[in-house]
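Below is one structure, written out as structure tokens; comments come after it.
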Amino acid sequence: MTRVALAFSGGLDTTVCVPLLEEEYGYDEVIGVTVDVGQPESEFDEAEETAEALDLDHYVVDAKAEFADLCLEGVRANATYQGYPLGTALARPVIAEAILEVATEQDCDGVAHGCTGKGNDQLRFEAVWRDSDLEVIAPVRELGLTREWEQEYAAEKGLPVEGGSGGDWSIDTNLWSRSVEGDDLEDPNYVPSTEIYDWTDEPTGESEEIEITFENGYPVAIDGQQYEPVELIEYLNELAGSYGVGRTDVMEDRMLGLKVRENYEHPAATTLLNAHETLEGLVLTQEEREFKQQIDQQWAKKGYEGLVDAPLVDALEGFIAETQKRVTGTVTIRFEGGKARPVARDSEYAAYSAEHASFDTETVGKIAQEDATGVAKYHGFQRRLANGVLEDEDEDESEPVELATDGGNVDDGETGN
Ligand code: ARG
1 MTRVALAFSG GLDTTVCVPL LEEEYGYDEV IGVTVDVGQP ESEFDEAEET
51 AEALDLDHYV VDAKAEFADL CLEGVRANAT YQGYPLGTAL ARPVIAEAIL
101 EVATEQDCDG VAHGCTGKGN DQLRFEAVWR DSDLEVIAPV RELGLTREWE
151 QEYAAEKGLP VEGGSGGDWS IDTNLWSRSV EGDDLEDPNY VPSTEIYDWT
201 DEPTGESEEI EITFENGYPV AIDGQQYEPV ELIEYLNELA GSYGVGRTDV
251 MEDRMLGLKV RENYEHPAAT TLLNAHETLE GLVLTQEERE FKQQIDQQWA
301 KKGYEGLVDA PLVDALEGFI AETQKRVTGT VTIRFEGGKA RPVARDSEYA
351 AYSAEHASFD TETVGKIAQE DATGVAKYHG FQRRLANGVL EDEDEDESEP
401 VELATDGGNV DDGETGN
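Be aware that the sequence shown starts at 1, since it is given in UniProt numbering, and climbs by one per residue.
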């Protein structure tokens, strides 16, 4: 008796996979697994109803907490890919792991997904599954199925499909983002109707401020009230969404090289990412901030690829953890006009001195304005050399350039000082 676990949503693709896994792949039994990463209730109802109609053994696994934790690692890494905070991408390894666990518990011989051969999700799922020795099956890709073929096949077989819930768009929703693609949105020059949005309202003239508390780069409280990650994200999606925060419309470069137009909503992600980067601006040194951008970009790339357990990510997170030791404090965000704008920040670790930076004080400690004169004389020195400007100041052009210095000896720059 052979058994296969199918990543199941109750949509057209995964529904046609059920009979196909028996007919085309010779499995005796198919079980469906739906993993909860914060989809709306209606999606579970759809999965449940379809599974029942198919007489499919159906498992629902709650992985919200684990997924929320990963999203907050993304916050510490300021993670976005081409403006997209990676909701779908980060959810895939979590879903794949959960399915693999059920498959192992239920003695399955294979695991299957309903992804097409054009998207990123096939790669993300399989990266996890190919760590196991279960057979990995992608019926839609392997059998070259099209939507029309699936619709005909479903009608012929009397499969319970209503052609999808969200109109003609393809929608993927979880805690961190809601993405809408396909149909009329495939024309990059088409202005989307507001109907594509579900989490965000049209911005009004209203505004509101909240204070977010971070501990070691993790958001832990809003307006002084502590929240667990799942609740914190849900709360902010609701609140920031009501101010129209977190809409993006991007031409996304997929892993296979295709460019696809994607529309996203991610109010909580936008709010938390803005707030986090703002706090880093207060506590990190210039060189930490600059270097961290490269680290963050690599983290986001691995996140996009669904490879968050790659050794590189562990190494990047080592650096990130070191910097986040001081990312503790508060940021005030003002929701206004569809934006989550940071308007204040505070931390006991601020790498900042109001006294030194102020325009109002003349000398503070040992530093006076005129101390900058020497620095100003050297600033752009090589540029002057290269542009031939310094030669003009020189009497005898064959002699090396001499600078008026008070003590410090500057040569032609070739000593590397
Ligand atoms: N392009 C995004 C990604 O690869 C999201 C795709 C979501 N799928 C959808 N049917 N809208 O992460």
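Ideal Cβ positions, reconstructed from N, Cα and C, are used throughout, including at glycine.
Fill in: Closest residue to Tyr349 among Glu336, Val327 and Val331 (Cα-Cα distance)
Taking the first residue of the sequence shown as 1, we reach residue 349 at position 349. The shortest Cα separation from Tyr349 among Glu336, Val327 and Val331 belongs to Val327.
Fill in: Near the ligand ARG: Ser179 beta-carbon under 7 angstroms from a heavy atom
As a working note, residue 179 is residue 179 in the sequence shown. Result yes, Cβ under 7 angstroms from the ligand ARG.
Discussion item. Can you tell me where the alpha helix (DSSP H) holding His276 begins and where it ends?
Written reply: As a first step, residue 276 is located in the sequence shown; it is residue number 276 there, counting from the start. Counting along the chain, the alpha helix (DSSP H) containing His276 begins and ends at Pro267 to Val283.
Discussion item. For the stretch 262-269 against the stretch 226-241, do three or more pairs of beta-carbon atoms, one drawn from each stretch, fall closer than 8 angstroms, so that the two count as touching?
Written reply: yes
Discussion item. Classify Asn237: buried if its beta carbon has 16 or more other beta carbons within 10 angstroms, exposed otherwise.
Written reply: Along the sequence shown, one-based indexing puts residue 237 at 237. Its Cβ being crowded by 16 or more others within 10 Å, Asn237 is buried.
Item to complete: Could you please give me the residues that DSSP links to His58 through a beta bridge?
Response: Residue mapping note: residue 58 aligns to position 58 of the sequence shown, counting from 1. Gly32.
Discussion item. When you compare the stretch 124-131 with the stretch 91-108, are there three or more beta-carbon pairs, one atom per stretch, that lie closer than 8 angstroms?
Written reply: yes
Practice prompt. Consult DSSP for Pro342 and reduce its assignment to one of helix, strand or coil.
Written response: Residue mapping note: residue 342 aligns to position 342 of the sequence shown, counting from 1. It is a strand residue.
Item to complete: Report whether the distance from the Cβ of Gly119 to the nearest heavy atom of the ligand ARG is below 7 angstroms.
Response: Stepping through the sequence shown from its first residue, residue 119 is reached at position 119. Checking every heavy atom of the ligand ARG against the Cβ of Gly119, one is found closer than 7 angstroms.
Discussion item. With a threshold of 8 angstroms, are at least 3 pairs of Cβ atoms found where one atom belongs to the stretch 183-195 and the other to the stretch 308-316?
Written reply: no
Discussion item. I'd like to confirm something about Ala89: is its beta-carbon nearer than 7 angstroms to some heavy atom of the ligand ARG, or not?
Written reply: Taking the first residue of the sequence shown as 1, we reach residue 89 at position 89. Yes.
Worksheet item: By the 10 Å Cβ neighbour count, where 16 or more other Cβ atoms means buried, how is Phe335 classified, buried or exposed?
Response: Residue 335 sits at position 335 when you count from the first residue of the sequence shown. Classification of Phe335: buried, given that the 10 Å Cβ count is 16 or more.
Item to complete: Please confirm whether Glu262 and Glu181 have their CB atoms less than 8 angstroms apart.
Response: Locating residue 262 in the sequence shown gives position 262, where the first residue counts as 1. Locating residue 181 in the sequence shown gives position 181, where the first residue counts as 1. The answer is yes: Cβ separation under 8 angstroms.
Discussion item. Can you tell me whether Asp253 is helix, strand or coil according to DSSP?
Written reply: Taking the sequence shown and counting its residues from 1, one reaches residue 253 at position 253. Asp253: strand per DSSP, three-state reduction.
Practice prompt. Check the C-beta distance from Cys17 over to Pro139 and give it rounded, since I have them as a contact under 8 angstroms.
Written response: Start at 1 with the first residue of the sequence shown, and residue 17 comes out as number 17. Start at 1 with the first residue of the sequence shown, and residue 139 comes out as number 139. Approximately 5 angstroms separates the beta-carbon atoms of Cys17 and Pro139; this is inside 8 angstroms, confirming the contact.
Worksheet item: DSSP three-state call for Gly166: helix, strand or coil?
Response: Here residue 166 refers to the residue found at position 166 when the sequence shown is read from its first residue. With a pLDDT of only 48 at Gly166, under 50, the local geometry of the prediction cannot be trusted, and the value read off the model is given with reservation. Of the three classes helix, strand and coil, the one that applies to Gly166 here is coil, per DSSP.
Discussion item. Check for me: the beta strand (DSSP E) holding Pro219 runs from which residue to which?
Written reply: Numbered from its first residue, the sequence shown carries residue 219 at position 219. Start and end: Tyr218 to Ile222.
Worksheet item: Per DSSP, Ile333 forms a beta bridge with which residues?
Response: Along the sequence shown, one-based indexing puts residue 333 at 333. Its beta-bridge partners are Ile210 and Pro342.
Practice prompt. With a 10 Å radius around its C-beta and 16 neighbouring C-beta atoms as the bar for buried, classify Glu290 as buried or exposed.
Written response: Position 290 of the sequence shown, counted from the first residue, corresponds to residue 290. By the 10 Å Cβ count, Glu290 comes out exposed.
Practice prompt. Could you check if Glu355 is buried or exposed, using at least 16 other CB atoms within 10 Å of its CB as the buried criterion?
Written response: As a first step, residue 355 is located in the sequence shown; it is residue number 355 there, counting from the start. By the neighbour-count rule (16 or more Cβ atoms within 10 Å), Glu355 is not buried but exposed.
Discussion item. Could you give the first and the last residue of the continuous alpha helix (DSSP H) run that contains Arg147?
Written reply: Along the sequence shown, one-based indexing puts residue 147 at 147. For Arg147, the enclosing alpha helix (DSSP H) begins and ends at Arg147 to Lys157.
Worksheet item: Contact check, Ala68 vs Val230 under 8 angstroms by CB: the rounded distance?
Response: On the sequence shown, position 68 is the one that residue 68 refers to. On the sequence shown, position 230 is the one that residue 230 refers to. Right, the Cβ-Cβ distance comes to about 5 angstroms (below 8 angstroms), so this counts as a contact.
Worksheet item: Between Ser347 and Gly329, which are expected to be in contact by the criterion C-beta below 8 angstroms, what is the C-beta distance as a whole number of angstroms?
Response: Within the sequence shown, residue 347 is the residue found at index 347, counting from 1. Within the sequence shown, residue 329 is the residue found at index 329, counting from 1. That pair is a contact at about 3 angstroms.
Worksheet item: Do Val37 and Asn216 come within 8 angstroms of each other at the CB atom, strictly closer than that value?
Response: Numbered from its first residue, the sequence shown carries residue 216 at position 216. Numbered from its first residue, the sequence shown carries residue 37 at position 37. No, Cβ-Cβ distance for Asn216 and Val37 is not below 8 angstroms.
Worksheet item: Secondary structure at Arg247, three-state DSSP: helix, strand or coil?
Response: Sequence index remark: in the sequence shown, residue 247 carries index 247 (1-based). Correct three-state label for Arg247: strand.
Item to complete: Would you check if the distance between the CB atom of Leu134 and the CB atom of Ala103 is smaller than 8 angstroms?
Response: In the sequence shown, the residue the question calls residue 134 occupies position 134. In the sequence shown, the residue the question calls residue 103 occupies position 103. Yes, these two residues count as a Cβ contact at 8 angstroms.
Item to complete: Go ahead and pull the three-state DSSP assignment for Ala300.
Response: The residue labelled residue 300 in the question sits at position 300 within the sequence shown. Three-state DSSP puts Ala300 in a helix.
Item to complete: With distances taken Cα to Cα, identify the nearest neighbour of Gly158 among Leu54, Gln39, Ala310 and Ile31.
Response: Position 158 of the sequence shown, counted from the first residue, corresponds to residue 158. Looking only at Leu54, Gln39, Ala310 and Ile31, the smallest Cα-Cα distance to Gly158 is reached by Leu54.
Worksheet item: Whose C-alpha, out of Arg3, Glu101 and Gln122, is nearest the C-alpha of Val254?
Response: By 1-based counting over the sequence shown, the position of residue 254 is 254. The question names Val, but residue 254 is Arg in the sequence shown. Comparing Cα-Cα distances from Arg254 to each of Arg3, Glu101 and Gln122, the minimum goes to Gln122.
Practice prompt. Flag this pair as touching only if the stretch 39-47 and the stretch 139-153 have three or more C-beta atom pairs under 8 angstroms; answer yes or no.
Written response: no
Discussion item. Let me check you understand the geometry: is the CB of Ile196 closer than 7 angstroms to at least one non-hydrogen atom of the ligand ARG?
Written reply: Along the sequence shown, one-based indexing puts residue 196 at 196. Every heavy atom of the ligand ARG is 7 angstroms or more from the Cβ of Ile196, so no.
Fill in: Residue range of the unbroken beta strand (DSSP E) whose run includes Asn137
In the sequence shown, residue 137 corresponds to position 137, counting from 1. Inspection of the sequence shows that residue 137 is occupied by Ile rather than by Asn. Here the beta strand (DSSP E) through Ile137 covers Glu135 to Ile137.
Item to complete: With hydrogens ignored, establish whether the beta-carbon of Glu265 is closer than 7 angstroms to any heavy atom of the ligand ARG.
Response: As a first step, residue 265 is located in the sequence shown; it is residue number 265 there, counting from the start. For the ligand ARG, not one heavy atom lies less than 7 angstroms from the Cβ of Glu265.
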